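Participant: Let me give you the structure first, and then I'll get to my questions.
Protein chains: 2
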Amino acid sequence: MPNIQNETDRDEQRFVEDVARLLAPWGVPLAAARLYGYLLLCPRPVSLDQITEKLEISKSSASVAARLLESYTLARRHSEPGTKRALYAVADDYEAMIRQQNRLLDALAGQLNAGTELAVPKAVSERLGEMADFYRITRDAMADAVSRWKRGRRRQ
Amino acid sequence: MPNIQNETDRDEQRFVEDVARLLAPWGVPLAAARLYGYLLLCPRPVSLDQITEKLEISKSSASVAARLLESYTLARRHSEPGTKRALYAVADDYEAMIRQQNRLLDALAGQLNAGTELAVPKAVSERLGEMADFYRITRDAMADAVSRWKRGRRRQ
DNA sequence: TTGTATATTCGGAATATGCCGAATATACAA
DNA sequence: TTGTATATTCGGCATATTCCGAATATACAA
Chain A
0 MPNIQNETDR
10 DEQRFVEDVA
20 RLLAPWGVPL
30 AAARLYGYLL
40 LCPRPVSLDQ
50 ITEKLEISKS
60 SASVAARLLE
70 SYTLARRHSE
80 PGTKRALYAV
90 ADDYEAMIRQ
100 QNRLLDALAG
110 QLNAGTELAV
120 PKAVSERLGE
130 MADFYRITRD
140 AMADAVSRWK
150 RGRRRQ
Chain B
0 MPNIQNETDR
10 DEQRFVEDVA
20 RLLAPWGVPL
30 AAARLYGYLL
40 LCPRPVSLDQ
50 ITEKLEISKS
60 SASVAARLLE
70 SYTLARRHSE
80 PGTKRALYAV
90 ADDYEAMIRQ
100 QNRLLDALAG
110 QLNAGTELAV
120 PKAVSERLGE
130 MADFYRITRD
140 AMADAVSRWK
150 RGRRRQ
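Here it is in structure tokens:
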């Protein structure tokens, strides 16, 4: 009979690494990316010591990784009254990453639009304007989808 | 009377740097990001030598930057018959970046879904499933918006 | 105030990245 | 084939990033 505990551990570990690999192209450092994968599997907020042990990273790394995720609003810090202990869990607003993307899309659209004012050939200026429109439209579509989804969820 | 040529150059240079700054958070290296900004302003495909001169980077950097943009499908290589010269221009399918994002979103959704099969508490499994749904929905919304936009453009 | 449990910051080592110039490869023309 | 114009690859340097352990700071309890 296989050792269930170890098998589960192995699967979870694999999940953590897989998620980390996906987050890496977004520029998320390894420690933070793995932490996110781990948090996804945690039913309750976890302490830095638990993180340190599970992920086998130093406590300082755990600390900076956790705060990095918090700054991305991918994780949330749950402080307990009566102690300094910090507990971290995945943020329950899933659209954080999407919102982040949208901000960038927005900035890019703005910049492209600014380019239309430059002393460039008309064809170039038109292309820039078109690209700006395109990015704004997709951004809006995403924002719409997100708010529709949120409304749908509330109703359940 | 101000020197028109220099003023234009200065504005364009500024545009290039601004675009580069926006692309940086996406993990695009500086040289490639600046090249993209420059290509946005070019009415015609440009050669590596022109890039080298305008952006004041080495030819090797120009070469790798251009091919990097091409691999992102942000730029397109236009080869001329009868010579080895490579000319680069921005890709005219603006949705390349969006599609790229969507691929990542898709992969993440898939991974989250895989997590629901793990031996984790029901609440965790449900959360993972919900997140996967959410990402898939926003991805679909974006894809829809893109194809609607494309249809609209064709008709003009 | 002191002690304790905890988090955060700091300095440094290891590693990765980005860029350059030189060397090399490639496609074409004569 | 040789020469020429061009692109690409390679090795190395400089810089940036990541992570760690040690030192420090902080909040709380006694």
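Here the protein sequences line up with chains A and B, keeping their order. Read left to right, the first sequence gives residues 0 to 155 (numbering that gives the first Met the number 0). Read left to right, the second sequence gives residues 0 to 155 (numbering that gives the first Met the number 0). Backbone N, C-alpha and C define an ideal beta-carbon position, used for all residues, glycine too. Because the structure is a prediction, the values reported are computed rather than measured.
(1) If we cut at 8 angstroms on Cβ distances, does Gly114/B have a partner in chain A?
(2) Using the three-state DSSP reduction, which class does Ala142/B fall into: helix, strand or coil?
(3) Just list the alpha helix (DSSP H) runs in the segment 0-88 of chain A, keeping only unbroken ones of 4 residues or longer that don't cross its boundaries, in chain order.
(4) Let me see if you follow: with CB-CB separation under 8 angstroms, is Leu21/A close to chain B or not?
(5) Could you tell me whether any Cβ in chain B is nearer than 8 angstroms to the Cβ of Leu170/A?
(6) How would you list, in chain order, the residues of chain B whose beta-carbon sits under 7 angstroms from the beta-carbon of Ile136/A?
(7) Quick one: is Asp17/B near chain A, going by C-beta distance under 8 angstroms?
(8) In or out: Arg147/A buried (at least 16 other Cβ within 10 Å) or exposed?
(9) Residues of chain A with CB closer than 8 angstroms to the CB of Gly26/B, please, in chain order.
(10) I'd like to check one pair, Ala64/B with Ala85/B: are the Cβ atoms closer than 8 angstroms?
(11) Are the C-beta of Glu11/A and some C-beta of chain B separated by less than 8 angstroms?
(12) The alpha helix (DSSP H) that contains Leu111/A, what's its start and end?
(13) Any idea if Glu55/A is buried or exposed, counting beta-carbon neighbours within 10 angstroms, 16 or more meaning buried?
(14) Considering only the alpha carbon of each residue, which of Arg75/A, Ala140/A, Thr115/A and Phe133/A lies closest to Cys41/B?
(15) By how many angstroms is the C-alpha of Thr7/A removed from the C-alpha of Val89/A?
(16) Between Arg43/A and Ala140/A, what straight-line distance do the alpha-carbon atoms span, to the nearest angstrom?
(17) Would Val63/A pass as an interface residue toward chain B - the criterion being a Cβ-Cβ separation below 8 angstroms?
Facilitator: Checking against the coordinates, here is how it stands:
(1) yes
(2) helix
(3) 3-22, 29-40, 47-54 and 58-70
(4) yes
(5) The displayed coordinates of chain A run from 0 to 155. Any statement about residue 170/A would go beyond what the structure contains.
(6) Ala144 and Trp148
(7) yes
(8) exposed
(9) Pro24, Trp25 and Gly26
(10) no
(11) yes
(12) Ala95 to Gly114
(13) exposed
(14) Thr115/A
(15) 21 angstroms
(16) 34 angstroms
(17) no
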